[in-house]
Each structure stands twice: as C-alpha cells, then as structure tokens.
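Number of protein chains: 2
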Amino acid sequence: MKLERKAEIIAVGSELLLGQIVNTNAQFISRHLAEIGINVFYHTAVGDNPERLKQVIQTAQQRSDFIIFSGGLGPTKDDLTKETIAEVVGRPLKLDDEAFESIQDYFKKTNREMSPNNRKQALILEGSDVLPNRFGMAPGMLLEHESRFYMLLPGPPKELEPMFENEAKPLILEKLGSREKIVSRVLRFFGIGESQLETDLEDLIDAQTNPTIAPLAADGEVTLRLTAKHADQAETTRLLKETEDRILERVGEFFYGYDDTSLAEELAKACRSKGMTLAAAESFTGGLFSSWLTEMSGASEYFKGGAVCYTNELKVSAAGVSEDTLQRYGAVSAQCAKELAAGIRVKTGSDIGISFTGVAGPNTQEGHPAGKVFIGISVKDQAEEAFEFQFAGSRSAVRKRSAKYGCHLLLKMMEK
Amino acid sequence: MKLERKAEIIAVGSELLLGQIVNTNAQFISRHLAEIGINVFYHTAVGDNPERLKQVIQTAQQRSDFIIFSGGLGPTKDDLTKETIAEVVGRPLKLDDEAFESIQDYFKKTNREMSPNNRKQALILEGSDVLPNRFGMAPGMLLEHESRFYMLLPGPPKELEPMFENEAKPLILEKLGSREKIVSRVLRFFGIGESQLETDLEDLIDAQTNPTIAPLAADGEVTLRLTAKHADQAETTRLLKETEDRILERVGEFFYGYDDTSLAEELAKACRSKGMTLAAAESFTGGLFSSWLTEMSGASEYFKGGAVCYTNELKVSAAGVSEDTLQRYGAVSAQCAKELAAGIRVKTGSDIGISFTGVAGPNTQEGHPAGKVFIGISVKDQAEEAFEFQFAGSRSAVRKRSAKYGCHLLLKMMEK
Numbered sequence: 001m002k003l004e005r006k007a008e009i010i011a012v013g014s015e016l017l018l019g020q021i022v023n024t025n026a027q028f029i030s031r032h033l034a035e036i037g038i039n040v041f042y043h044t045a046v047g048d049n050p051e052r053l054k055q056v057i058q059t060a061q062q063r064s065d066f067i068i069f070s071g072g073l074g075p076t077k078d079d080l081t082k083e084t085i086a087e088v089v090g091r092p093l094k095l096d097d098e099a100f101e102s103i104q105d106y107f108k109k110t111n112r113e114m115s116p117n118n119r120k121q122a123l124i125l126e127g128s129d130v131l132p133n134r135f136g137m138a139p140g141m142l143l144e145h146e147s148r149f150y151m152l153l154p155g156p157p158k159e160l161e162p163m164f165e166n167e168a169k170p171l172i173l174e175k176l177g178s179r180e181k182i183v184s185r186v187l188r189f190f191g192i193g194e195s196q197l198e199t200d201l202e203d204l205i206d207a208q209t210n211p212t213i214a215p216l217a218a219d220g221e222v223t224l225r226l227t228a229k230h231a232d233q234a235e236t237t238r239l240l241k242e243t244e245d246r247i248l249e250r251v252g253e254f255f256y257g258y259d260d261t262s263l264a265e266e267l268a269k270a271c272r273s274k275g276m277t278l279a280a281a282e283s284f285t286g287g288l289f290s291s292w293l294t295e296m297s298g299a300s301e302y303f304k305g306g307a308v309c310y311t312n313e314l315k316v317s318a319a320g321v322s323e324d325t326l327q328r329y330g331a332v333s334a335q336c337a338k339e340l341a342a343g344i345r346v347k348t349g350s351d352i353g354i355s356f357t358g359v360a361g362p363n364t365q366e367g368h369p370a371g372k373v374f375i376g377i378s379v380k381d382q383a384e385e386a387f388e389f390q391f392a393g394s395r396s397a398v399r400k401r402s403a404k405y406g407c408h409l410l411l412k413m414m415e416k
Numbered sequence: 001m002k003l004e005r006k007a008e009i010i011a012v013g014s015e016l017l018l019g020q021i022v023n024t025n026a027q028f029i030s031r032h033l034a035e036i037g038i039n040v041f042y043h044t045a046v047g048d049n050p051e052r053l054k055q056v057i058q059t060a061q062q063r064s065d066f067i068i069f070s071g072g073l074g075p076t077k078d079d080l081t082k083e084t085i086a087e088v089v090g091r092p093l094k095l096d097d098e099a100f101e102s103i104q105d106y107f108k109k110t111n112r113e114m115s116p117n118n119r120k121q122a123l124i125l126e127g128s129d130v131l132p133n134r135f136g137m138a139p140g141m142l143l144e145h146e147s148r149f150y151m152l153l154p155g156p157p158k159e160l161e162p163m164f165e166n167e168a169k170p171l172i173l174e175k176l177g178s179r180e181k182i183v184s185r186v187l188r189f190f191g192i193g194e195s196q197l198e199t200d201l202e203d204l205i206d207a208q209t210n211p212t213i214a215p216l217a218a219d220g221e222v223t224l225r226l227t228a229k230h231a232d233q234a235e236t237t238r239l240l241k242e243t244e245d246r247i248l249e250r251v252g253e254f255f256y257g258y259d260d261t262s263l264a265e266e267l268a269k270a271c272r273s274k275g276m277t278l279a280a281a282e283s284f285t286g287g288l289f290s291s292w293l294t295e296m297s298g299a300s301e302y303f304k305g306g307a308v309c310y311t312n313e314l315k316v317s318a319a320g321v322s323e324d325t326l327q328r329y330g331a332v333s334a335q336c337a338k339e340l341a342a343g344i345r346v347k348t349g350s351d352i353g354i355s356f357t358g359v360a361g362p363n364t365q366e367g368h369p370a371g372k373v374f375i376g377i378s379v380k381d382q383a384e385e386a387f388e389f390q391f392a393g394s395r396s397a398v399r400k401r402s403a404k405y406g407c408h409l410l411l412k413m414m415e416k
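Next comes the structure, spelled out in structure tokens:
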C-alpha cells in the first residue's frame, strides 16, 4: 500500500490577490482529489513575484509531499511558475518537442503568427511527465523529485479542468493513488439550525473517525458530509450506511435529501411520484417559489403556474381573495394566505395551491414587522391551512427562507 | 504618512479543502482592500485543525503585518479560529456583553432556543474592537498586537460581506489606511461579449496605467473595473472620469450602470423616475423576471405582479391569449408573446406589460430548438412588439439570459 499523501495547492497570479478573479481551480482540484482519497491540507495564492513564490514553495516543501501549482505557465515575462520551481528544486528546463509542435500547430490552425515568447511555453522541467493541453497552449507536467511530487497546471479553468480530469487524474492514480476506496455522501437538512443539529449529534461527531462527519451551514440549510474509507468497497459502503442510520434516527425529521439536491427538486420529485399538480400565489416572494419549481426540466408535469399578486387588487382579481378578508384581516394574515392558496388552486385547476403573503422588509407593513410571513396550503377536498413565521435577516433572506419553507411544508404534507 | 501594509488573508474551514465551497471571501476582501490601496500578498486556506492553523498563523506573522481571517467563528467545537489566535498571540478571550445580548436577541426574535454553545460566539480577543454582525451571530473583531493587526470575520459570505463593507472597511481606513486616495468604479455592460468589448477598447486597455482597466465577464454580462490613485482626491476623480468618458464614447450603447447595480435595479429606477408601472406574464422563465423586480424594497411602487402561465390553459385564462393564436401560431411565437404582454398589462391595469415565452430546454418544444425565445412588450396606446432570440447554453442560462434581455429591452425603450 502506498503512503498517505499530504497535498497542497498553490495558485500563482496577481489577479487573484487583486480580487479580479476567484480561485475556482483550488476548489475543483480539491474536490477531485478528495474523491480519490488524497487529502489537501492547504491552499495558497501568491502573485507573479519570483521571490515570494520561491518562499511559498519552500514552505510547501516543509509540510507537503504533493504540491500542485495552477497558473503562471503563459508566454509573458510575468509567467514564472516553471522557472521558479526549476530554481528551487534544482532541475533544468528543456524544450519538449511534442509540446512545441502542438503550439506551432495551434497557431497554424488559428491562422495567427506565433510570437517568439510562445516557445517558452514548450519548456518543461527535465524528467517530468507532460500533460497535453487540448484547449490552450501551455502543457501541464508532473515531476517526481526527492520523494515529492510537483504538478504544474495552466491557470484558465477551461484549460485546467479538462486537463485535470483527462490527463492528470489517471496519472495521479497511477503514481500516487492510495488503494483505499473512499465514499462520500452529503445529507441535507432543513428546519433545524447548525448548532441544534450538532448538539443532537454531539457524541457521534466527537467520536467520528471513519466515516468523518463534517457539518456545514449555508442559506438556511445544514448539511453533513460523511466520508468513509476502506480497502474494501463493500465495507466502505457499510460504514457509511451505519453512520447515516444513526444520524437519521435522531434528526431524520429534518432530513430531506442527498448530495446536490434542493428542496424544490425534492418537491418536484414528490409531486411527480404522486401524480399531483401544483400552483402558487406569491405576494412578497414575487415569483421566487415558482421560478425554483420551473428550474428543472419537465416542470410542466407537476407545475401549472400561478399568480404574482404583489398588489391587493391582484390578490382579489387573480387569486380570488375576498375584499372583505383584506379589509378585516389585512393582506398579511392567515385568512388571506388560506384564500390565496385555495383561489389559485381552483383558478389553475391544480391539486395543490400554495401561497406566500408577508413582509419581506426592511419596512413594516400593516403594522407587522419585517419577516412576518404566512404560508397557505390548499388541497382539494381538505380544509385550507395557514402557517405563521417570524423570520430574521435581510429582505432577500426572508424571501428565500419563505420559499424554502413552502417546499418543506409541502414535502412534509405529502409524506403523510 | 502611515506605513505600507502587507496584508494576507487566511480562510479557515475544511469544507474549502474538500472543495465543497469556493473561497469567494478571499476575492471579496482582496478587491475591497485593493480599492483602498492595501496590498494583499498571500491567500491561504487551512482546515479546522488547530496545529496546522497555528503554523499558518506563525508563517503569516513572519511576512505580513495585517492578517485577516475568515471562518471558524461558529458555535461548534470545529470552530477554533479565535481560540488558536488567542494562543499564538498570547491574548485571553473574554465575553463581550453587547455581542452576547445581540445573540440572545437573535434567538428571541426567531423564537428559537439558544443552545449553550452559542455563548462561545460572544467571546472576543481581549482588547479588540468588535464588529457587529447584522446578519448572523458571530461578531467580527480587529486586534492590534505588537505592531500587527489581526482581523477576524465570519465565514458565510452573507455575513462577511456586509460586515466588511459597513464595519470593517471604515475601521481599516482609520487605523491602517494609506494617504493615497484610491477611487474605483465598475462599469457594467450588457449585450456585448467580452472579446468584442476588449477589441473595441484594445488601445485603451494596452496603455492603461492610472486608472487601471480590468475587464471581467460573468453571467452574460461584462464589467470593466477602473481604479485610479492619486494623493489629491480631485485629481483621482478627474483621472477616472476621463477614462470613463473615452470608454463610453465607443461602447456606451451597451453600458447600463455602475458598481453593484443590476439590470433589474436599473429598470426599477427607470420605472420610478417615469412613474410607470409594470406587469409580467412568464411562461418558461416561471417567475424569474418577477422575482428579480420584487427583490428591491419599495417594489410595489412600480411592480403590480403578473401571471406565471406555464401551461397553455393559463396563457388563455390568466393572461388573455386567444385559443386561436395558440392553435395557429403555437405558444412559442411572436403572436403569443404580444398577446401575453398586452393581456397581462390590461388585466393588471399596468402601464407596461412584458412577456416571456420560449423553450428553456434541454428538449425541443412545438418543433422549436432549446433556446428559442420570444419576449413581448406592450405599452398603453402603442402597438405590441415581439423580439425573437436564439440563445445557447443550459436551461438555467437560457432563463437568466431571457430575463436579463427583458430588462434590457425595457430600459432601451424607456430611454427613448
């Protein structure tokens, strides 16, 4: 069995430090390395400055044995990743004939004249394996030197990403891969805060080794990433399943799906599997819920449409709320939410109607504070229901949270 | 004059190293520091591991005198940024009463129970200035210690970004600012590609020194960031204005606004200033356009609402399209777009009606390929117009691009 590798990623480019671009390469490479069981312990970004780059490389040599560089392989004087690594590790650069030919071809194909500095792009660290670049000129490379691996990749994501997946990953698996099978799964929760979830699972999280359990909160949702490793694939899966079952025993009521799914996607699936159709009357959410439900292809199977009834007049004319309700209870009320839901269900001929009425903020409305929200649900042959919430946060957060709760409530209802 | 600062940004969180999220915080902070003339020389990301974090802090101390941390201020045991810095710099943590109160308030407001580990979030490094968190619980802080500055910020961008702009930036300017006045401005363009824009401005971009001109393409829009520096504020502004004028002379027809604005926000402003109201009938965009227009507070002044008419039945019943039109021309047609726009305008009593009908994809519809889109516009006492597009890209890209073109067309119309 091969050694456990300690990897780190060094991005070279002053445009990162000026905030002109975001370092998506580090994320991309990290995600792919995690999948093949290689641990990344550091990301660094440094500018096009040979002195600082040199020091960053030396720091990396002290703590990592697989160092991956992105950027700085271009034709200009600014681009000095190769030259600086050559100096630090004491390996010369030499012209790679194949890479040089492919650069010449590229210019012929695009009918442009090659400038002398493009020759620089065909230089490689002596003794390294070359990674061809199918979407640009600079080749990548992998060098093994004094029991450390150095991988050099081009900066533009549209060159780096295919090169990594098609050329680099197989080479890494061959030369550095671990024999352990890694399986990772994300559990998604809604309606429970991060700290509550952790409190409920404290002993499991404290005792985590294999699988590891990593909680993350974003956009009003909490996720747990479970990652299991084992030489035997079946055992990896068993380990994962065992931990997942323990977690869901305690907080299963808040669980809604795996990996990259969303509440809207799960709701779409549920509607499809029950053969039910949906319509929405949206006041302060202004179409947000509907736009989520129509984001998936095939939405017409379960979503009919609805009304964006921002004004009170439209609540009456487009969604069938009575004038009397608006006068007696106001638009921000359980009664209005119920009538909106029932009205839009009937008008669209759907099985389920949902409504959103409330105060997105930042100002108060009808005497209600920002964040006061009513969600109405109407199902054929059942009494309408209304759910009241008081959310905190910005206007945008209140709208998103409300639309998510709408999905959540419908999912819970359909589970029954 | 104050010293030239050497800044570096350290992001703490294993989710970065696993590639689960991208480090947008480093970009955000870098961009804002560049604007106020503070040079960032390194970005680092490290996991939730006290030993490695400690070493990263020690490396930073050797090369930087302004160290900014993002992440690791949460309530859980994983969150250890404060604790580790306290150990490295030798400053104790103490409870900040105001921060603790604000956390308690947050729980009261949202009707949830505070778990004991939330108290940990109110601990601050003794002697630091506290940065209140308006969108979450963990306060930020700035500590000056042995001629170095340490700034701690929460990890979630929706907390970090407003905290940085409103609380941190003024404090940095006061305590660490340079005397050179830096003015930066973003010009936003729609309807022109990045390479076309660069070709049109090639000589200006090549000759750039002060102001610098940085192009960036994202989400179908192109932006140019101009940044000028000068000891004299008036001169900085003059330099910026001069370059902006030259740019707009050539590509002004595609320019729509400054800095963080959006097409929807500019459209909202235009409607307000002309006192005109708007309604939308959305088929394949499913409420996306409406949700953008209602994202801004005070939307009721210019936006009445509309219909999400995903099905043909709703195009007829909710937006007044004739059955005959659907049969003769189909839903994906100029004629249908015009009737939708006119119908929703009349039904909502608005000054302007806009409609979106087309094929979001990935499948074809009525024989039309994915990306075929008609946008209809109807203005009182004018003949309806329809605009035809063929977009490329994913379902999500086609929907967004269509909603943006809707804003763009209305803006152009209102300019006349």
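Going line by line, the protein sequences match chains A and B.
Counting with this note's numbering, you get residues 1 to 416 for the letters of the first sequence.
Counting with this note's numbering, you get residues 1 to 416 for the letters of the second sequence.
Just so you know, even glycine gets a beta-carbon here, dropped at the ideal spot from N, CA and C.
Source: prediction; values computed, not measured.
query, result
"Round the Cβ separation of A:SER402 and A:GLY376 to the nearest angstrom and send it over; I've been treating them as touching at under 8 Å.", "So it is not a contact: roughly 12 Å between Cβ atoms."
"When the Cα atoms are used, what is the spatial distance from B:GLN365 to A:ALA370?", "42 Å"
"Tell me the DSSP secondary structure of B:LYS400 in three-state form.", "helix"
"For A:ASP96, I'd like the list of residues in its chain whose CB is within less than 8 Å of its CB, leaving aside the five on either flank, ordered along the chain.", "ALA122, LEU123, ILE124, VAL130 and PRO139"
"Determine whether the Cβ of A:GLN27 lies closer than 8 Å to any Cβ atom of chain B.", "yes"
"Do we get a CB-CB distance below 8 Å when we pair A:ALA342 with the residues of chain B?", "no"
"Along the stretch 39 to 67 of chain A, where does the CB come closer than 7 Å to a CB of chain B? Name the residues.", "VAL40, PHE41, TYR42, HIS43, THR44, ALA45, VAL46, GLY47, ARG52 and THR59"
"Please name the residues in the stretch 296 to 315 of chain B whose beta-carbon is closer than 9 Å to at least one beta-carbon of chain A, in chain order.", "MET296, SER297, GLY298, ALA299, SER300, PHE303, LYS304, GLY305, GLY306, ALA307, VAL308, CYS309, TYR310, THR311, GLU313, LEU314 and LYS315"
"So, does the CB of A:LEU153 fall closer than 8 Å to a CB anywhere in chain B?", "no"
"Return the chain-ordered list of same chain residues with a C-beta closer than 7 Å to the C-beta of B:GLU221, the five sequence neighbours on each side being excluded.", "ARG188, PHE189 and PHE190"
"Among all the DSSP beta bridges, which residues are the ones paired with B:VAL130?", "B:MET141"
"Helix, strand or coil, according to DSSP, for B:GLU221 in the structure here?", "strand"
"Taking B:LYS424 and B:SER283 to be in contact with their CB atoms under 8 Å, please state how far apart those CB atoms are, rounded to whole angstroms.", "Here chain B comprises residues numbered 1 to 416, so residue 424 of chain B is not present and cannot be evaluated."
"Thinking just about the alpha-carbon of each residue, which of A:LEU173, A:GLY353 and A:GLU113 is nearest to the one in A:PHE289?", "A:GLY353"
"I'd like the list of long-range same chain contacts for A:ASN117, defined as Cβ closer than 7 Å, with 5 residues on each side in sequence excluded.", "PRO75 and THR76"
"I'd like the span of the alpha helix (DSSP H) that includes B:HIS32, first residue to last.", "24 to 35"
"By how many angstroms is the C-alpha of B:ILE85 removed from the C-alpha of A:PHE69?", "28 Å"
"Do you know offhand how far B:SER317's Cα is from A:MET414's?", "28 Å"
"Going by the beta-carbon positions, is the gap between B:VAL40 and A:LEU80 smaller than 8 Å?", "no"
"Let's see if you can read the secondary structure: which residues bound the beta strand (DSSP E) around B:TYR258?", "255 to 258"
"Name the two residues that bound the continuous alpha helix (DSSP H) containing A:VAL346.", "334 to 348"
"Flag this pair as yes or no: are the beta carbons of A:LEU226 and A:GLU202 separated by less than 8 Å?", "no"
"Could you please give the first and the last residue of the uninterrupted alpha helix (DSSP H) stretch that includes B:SER273?", "263 to 274"
"List the residues of chain B whose Cβ lies closer than 7 Å to the Cβ of A:PRO362, in chain order.", "SER297"
"Looking at the C-beta of A:LYS412, does it have a partner C-beta in chain B at a distance below 8 Å?", "no"
"Per DSSP, which one or two residues make a beta bridge with B:HIS368?", "B:GLN365"
"Sort A:LYS416, A:ALA360 and A:ALA386 by Cα distance to A:ARG395 and report the nearest one.", "A:ALA360"
"Against chain B, which members of the stretch 186 to 199 of chain A pass a CB distance test of less than 9 Å?", "VAL186, GLY193, GLU194, SER195, GLN196, GLU198 and THR199"
"Output the boundary residues of the alpha helix (DSSP H) element that contains A:ASN312.", "312 to 317"
"Measure from the C-beta of B:LYS404 to each C-beta in chain A and report whether the shortest distance is under 8 Å.", "no"
"Can you grab the Cα-Cα spacing for the pair A:PRO157 / B:VAL46, in whole Å?", "22 Å"
"Of the residues B:PRO170, B:ARG238, B:THR237 and B:MET296, which one's Cα is nearest the Cα of B:GLU266?", "B:MET296"
"Residue range of the beta strand (DSSP E) that A:LEU123 falls in?", "123 to 125"
"For A:GLN20, return the contacting residues in chain B, with the cut-off set at a CB-CB distance below 7 Å.", "ALA214 and LEU216"
"Helix, strand or coil: how does DSSP classify B:LEU18 here?", "coil"
"In its own chain, which residues sit with a C-beta less than 7 Å from the C-beta of B:ASN133, not counting the 5 before and 5 after it?", "PRO139, GLY140, PRO154, GLU159 and MET163"
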